[in-house]
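Visitor:
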Amino acid sequence: MHSDSDGPDLRKEWLQQRTHGALSRFHDTTPLIYRKRIDVPKEVIDWVAGWGSSSLFLTGHIGVGKTHTAWETCRLWLKAFYGPERPWNGAATIYTYRSTALFDALRPDGPDEVRRTLIKTLQDADLVFVDDLAAPKVTEWTQERLFEIFDERYINQRPVIITSDVLPADLGPVTGPRVASRLGEMCRDSVVLLEGEDRRRGEAA
Ligand SMILES: Nc1ncnc2c1ncn2[C@@H]1O[C@H](COP(=O)(O)OP(=O)(O)O)[C@@H](O)[C@H]1O
Ligand SMILES: [Mg+2]
7 MHSDSDGPDL RKEWLQQRTH GALSRFHDTT PLIYRKRIDV PKEVIDWVAG
57 WGSSSLFLTG HIGVGKTHTA WETCRLWLKA FYGPERPWNG AATIYTYRST
107 ALFDALRPDG PDEVRRTLIK TLQDADLVFV DDLAAPKVTE WTQERLFEIF
157 DERYINQRPV IITSDVLPAD LGPVTGPRVA SRLGEMCRDS VVLLEGEDRR
207 RGEAA
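To get the numbering used here, take the position in the sequence shown, counting from 1, and add 6.
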């Protein structure tokens, strides 16, 4: 039989097991070069600590470390999700997409049902990370699907992490003005500019 003090200890152990499982699954889906632990800016630490309503926008020139910082941020977020100060409310759902792959998946030529399921998944997930949002050009049709995803997350204050080499205000031509405007508000207090040299320069391509 457990003594009174077993309650919190058992809960702690149970949470530790869940955290470990979630982090290990996330590690397995993380691209190899982004598995290495890196330091992240203080604004990112603060974003994870004060998590809830706001989203995070990582910007800067090519090669400064936006994508790596975003993967590390997802990992820190996941750890915080299972933290003892947060009430347990089920396992974390986190989806990471390169914008090119996301736009491809949302195109009109695939099966409608698959696309609807993806949109619903991305509307409801606890965290969505979209990498390199400014890169490709998208059609108006795809912009509409993006709007469905981002508007639902916006009205329910569900966070997204975006990396982009342009600011939210300049995303209009890519995402359409309505998504750009919502992203501007969602990330208002958490646009983080990464500075420095292109870290890839000098390395083998
Ligand atoms: N803080 C960091 N410390 C060490 N290496 C880093 C750091 N941030 C990024 N890198 C490395 O620099 C390279 C470019 O980073 P990446 O995040 O892909 O850049 P970006 O997305 O801004 O183009 C990658 O090899 C990455 O692993
Ligand atoms: Mg990148």
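Cβ coordinates follow ideal geometry from the N, Cα and C atoms, glycine included.
#1: Would you check if the distance between the CB atom of Pro165 and the CB atom of Ser60 is smaller than 8 Å?
#2: If you measure between the beta carbons of Thr106 and Ala141, is that distance less than 8 Å?
#3: Which one of Asp171, Gln23, Leu152, Leu199 has the shortest CA to CA distance from Arg188?
#4: Distance check for Gly69 and Thr169, CA to CA, integer angstroms please.
#5: Keeping to the same chain, check which residues put their C-beta closer than 8 Å to that of Arg2; ignore five residues upstream and five downstream.
#6: Along the alpha helix (DSSP H) that carries Asp130, what are the first and last residues, could you check?
#7: Quick one: residues in its chain with C-beta nearer than 8 Å to the C-beta of Tyr101, no 5 flanking neighbours on either side, listed in chain order?
#8: With DSSP as the reference, please indicate the residues paired to Asp137 in a beta bridge.
#9: Mark Leu5 as exposed unless 16 or more other C-beta atoms lie within 10 angstroms of its C-beta, in which case mark it buried.
#10: Does any heavy atom of ligand 1 sit closer than 7 Å to the C-beta of Val197?
#11: Give me, in chain order, the residues of the same chain whose beta-carbon lies closer than 7 Å to that of Asp157; leave out the 5 immediate sequence neighbours on both sides.
#12: In angstroms, rounded to a whole number, what distance separates the CA positions of Ala211 and Leu108?
Guide: By the coordinates alone:
#1: One-based indexing of the sequence shown puts residue 165 at position 159. One-based indexing of the sequence shown puts residue 60 at position 54. Closer than 8 Å, so yes.
#2: Here residue 106 refers to the residue found at position 100 of the sequence shown. Here residue 141 refers to the residue found at position 135 of the sequence shown. Cβ atoms of Thr106 and Ala141: closer than 8 Å.
#3: Your numbering for residue 188 matches position 182 in the sequence shown. Residue nearest to Arg188 within the set Asp171, Gln23, Leu152, Leu199 is Leu152 (criterion: CA-CA distance).
#4: Sequence index remark: in the sequence shown, residue 169 carries index 163 (1-based). Sequence index remark: in the sequence shown, residue 69 carries index 63 (1-based). So the alpha carbons of these two residues sit roughly 12 Å apart.
#5: Lying outside 7 to 211, the shown extent of the chain, residue 2 is not represented and no answer is given.
#6: Reading the sequence shown from its first residue, position 124 is the one you call residue 130. Residue range 118 to 130 is occupied by the alpha helix (DSSP H) that includes Asp130.
#7: Position 95 of the sequence shown holds residue 101. Same-chain partners within the cutoff: Thr127, Leu128, Ala131, Leu133, Val134, Phe135.
#8: What you label residue 137 is simply residue 131 of the sequence shown in a count that begins at 1. Arg104.
#9: What is shown of the chain runs 7 to 211, which leaves residue 5 out entirely.
#10: Along the sequence shown, one-based indexing puts residue 197 at 191. Every heavy atom of ligand 1 is 7 Å or more from the Cβ of Val197, so no.
#11: Along the sequence shown, one-based indexing puts residue 157 at 151. Arg188, listed in sequence order.
#12: Mapped onto the sequence shown, residue 211 falls at position 205. Mapped onto the sequence shown, residue 108 falls at position 102. Any answer about Ala211 is weak, because its pLDDT of 42 lies below 50 and its placement is not dependable; what the coordinates show is given next. Linking Ala211 to Leu108 through their CA atoms gives a straight-line distance of about 25 Å.
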